[in-house]
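Each residue of the sequence shown is one higher than the one before, counting from 20 in this note's numbering.
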Amino acid sequence: MSITTIKHCFQKALFRKTVVLAEDSSVIQISNEFQRLCTISAIQNPMDIENFLNSVKEVVNDSLEDLEQHIIEQLELEKEKKEKETLHMKFNIQITNTKILDMIKKLCLYEEQQDKGDTELIQRLNHYERRLEDQRLENRQQQDIQAFFVC
20 MSITTIKHCF QKALFRKTVV LAEDSSVIQI SNEFQRLCTI SAIQNPMDIE NFLNSVKEVV
80 NDSLEDLEQH IIEQLELEKE KKEKETLHMK FNIQITNTKI LDMIKKLCLY EEQQDKGDTE
140 LIQRLNHYER RLEDQRLENR QQQDIQAFFV C
């Protein structure tokens, strides 16, 4: 938005008797909303638009290098935050017992089909598969018992 557009909005909103040419619907909408806000909140002694846009007290002494560094830091923080969220989502996926059992069976089958399959790995996978099957049966039995006592 240009400075003249903002000036026109503030002038119209503050009920001054100036002619404002409506440049587009957004200017009219902003003016109407600001006028409504002024009547609702009873704003008194509004700030002059020139003081708002070009404050005398506001002095910026940043060099271009400082500004670039600040912008880069902000972008890197956002990037790191997104990466952490993505990583958190990846580790937050729930894998059911049936899926993991299928994966173990496939891995065991793959290892058995290899020319030099690792028999120790196959034994460990079979042991782990039995443990998961036992846990699944135990959970199923607990669910059945709990369902028995529900009225």
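Backbone N, C-alpha and C define an ideal beta-carbon position, used for all residues, glycine too.
Taking the runs of the alpha helix (DSSP H) that are 4 residues or longer, which of them lie wholly in the segment 86–169? 116–132, 138–168
Local Cβ density within 10 Å of Lys118, reported as buried at 16 or more and exposed below that: exposed
What separation, rounded to the nearest whole angstrom, lies between the Cα atoms of Ser82 and Asp67? 29 Å
Take every Cβ of the segment 93–108, pair it with every Cβ of the segment 121–136, and state whether three or more of those distances are shorter than 8 Å. no
Assign Cys28 to one of three DSSP states: helix, strand, or coil. helix
Could you check if Phe29 is buried or exposed, using at least 16 other CB atoms within 10 Å of its CB as the buried criterion? buried
Quick one: Cα of Glu104 to Cα of Gly136, how far? 39 Å
Taking 8 Å as the threshold (C-beta atoms), are Ile123 and Leu144 in contact? yes
I need the boundaries of the alpha helix (DSSP H) containing Asn70, first residue and last residue. 68–72
May I ask you to report which of helix, strand or coil DSSP gives Leu33? coil
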